[in-house]
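Remarks on the structure that follows.
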Amino acid sequence: MRAVEDGHAVAEHGYTVEQAVRDWLTYGMTGRAEGTIETRRILAEQHVIPALGARKLRDLSAEDVDRWLASKARELSTRTLQDIRSILLRSVKRAQARDKVQRNVVLLCSTPTGRTGRPSKALTFAQARALLERDDATTYGAYVVLGLLTGARTEELRALV
Numbered sequence: 004m005r006a007v008e009d010g011h012a013v014a015e016h017g018y019t020v021e022q023a024v025r026d027w028l029t030y031g032m033t034g035r036a037e038g039t040i041e042t043r044r045i046l047a048e049q050h051v052i053p054a055l056g057a058r059k060l061r062d063l064s065a066e067d068v069d070r071w072l073a074s075k076a077r078e079l080s081t082r083t084l085q086d087i088r089s090i091l092l093r094s095v096k097r098a099q100a101r102d103k104v105q106r107n108v109v110l111l112c113s114t115p116t117g118r119t120g121r122p123s124k125a126l127t128f129a130q131a132r133a134l135l136e137r138d139d140a141t142t143y144g145a146y147v148v149l150g151l152l153t154g155a156r157t158e159e160l161r162a163l164v
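In case it helps, the working numbering puts the sequence shown at residues 4 to 164.
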């Protein structure tokens, strides 16, 4: 009632989290690289929409978001948790700007620490030095040296071999 008295539009009752996320994916990603858009779409469809999509956006609480993120922390890395929280945050922010919801409860929630990632497969300094000091000439010698000295990834250098 106070929102109406203040002249604010009243959010529609049936607007769901899924609608907000799909709206953000459609209109809120302009100017982003195609790969970024695809990654965000996949994350939204695999993690955000199945878990929270059916909830009415105006009924979504900070406690719901905290519980959802905590459950996802058991299976996802911290970085992926940050990404899915960001998707939800930006979706609700866009909906808020369009008077679909009064406040963004995602702002009240922090990202938990997720599962640890896989161990690094990068060479240590000692391993790289030993590889460079080897005296045997192989087909991949130049490939390895170029990779070590430039920091280029193997996928980028593979075309040179």
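Cβ coordinates follow ideal geometry from the N, Cα and C atoms, glycine included.
Three-state class that DSSP yields for residue i in the structure shown
| i | result |
| --- | --- |
| Arg93 | helix |
| Gly154 | coil |
| Gln105 | coil |
| Ala65 | helix |
| Leu126 | coil |
| Thr39 | helix |
| Thr33 | coil |
| Thr137 | Rather than Thr, the amino acid found at residue 137 in this sequence is Arg. Here Arg137 sits in coil by DSSP. |
| Ser74 | helix |
Beta-bridge partners of residue i, as assigned by DSSP
| i | result |
| --- | --- |
| Lys59 | Thr19 |
| Arg118 | Ser80 |
Cβ-Cβ distance between residue i and residue j below 7 Å
| i | j | result |
| --- | --- | --- |
| Val109 | Val68 | yes |
| Leu84 | Thr114 | yes |
| Ser80 | Gly34 | no |
Close-in-space but distant-in-sequence residues of the same chain around residue i (CB under 8 Å, 5 per side omitted)
| i | result |
| --- | --- |
| Ser64 | Val108 |
| Gly56 | Thr19, Val20, Glu21 and Val24 |
| Ala76 | Leu84, Pro115, Thr116, Gly117 and Arg118 |
| Trp71 | Ala54 and Leu55 |
| Leu151 | Leu126, Ala131, Leu134 and Leu135 |
| Ile40 | Leu28 and Met32 |
Contact set for residue i: own chain, Cβ-Cβ below 6 Å, skip 5 residues either direction
| i | result |
| --- | --- |
| Arg97 | Trp27 and Gly31 |
| Leu91 | Val51 and Val109 |
| Cys112 | Ala65, Val68 and Asp69 |
Closest Cα partner of residue i within the set the options
| i | options | result |
| --- | --- | --- |
| Arg132 | Val148, Pro122 and Arg58 | Val148 |
| Val95 | Arg43, Arg106 and Ile87 | Arg106 |
| His16 | Tyr146, Asp102, Ser89 and Ala129 | Asp102 |
| Ile45 | Arg93, Arg156 and Ile87 | Ile87 |
| Phe128 | Gly154, Tyr146 and Ala145 | Gly154 |
| Ala145 | Gln99, Leu163 and Arg156 | Leu163 |
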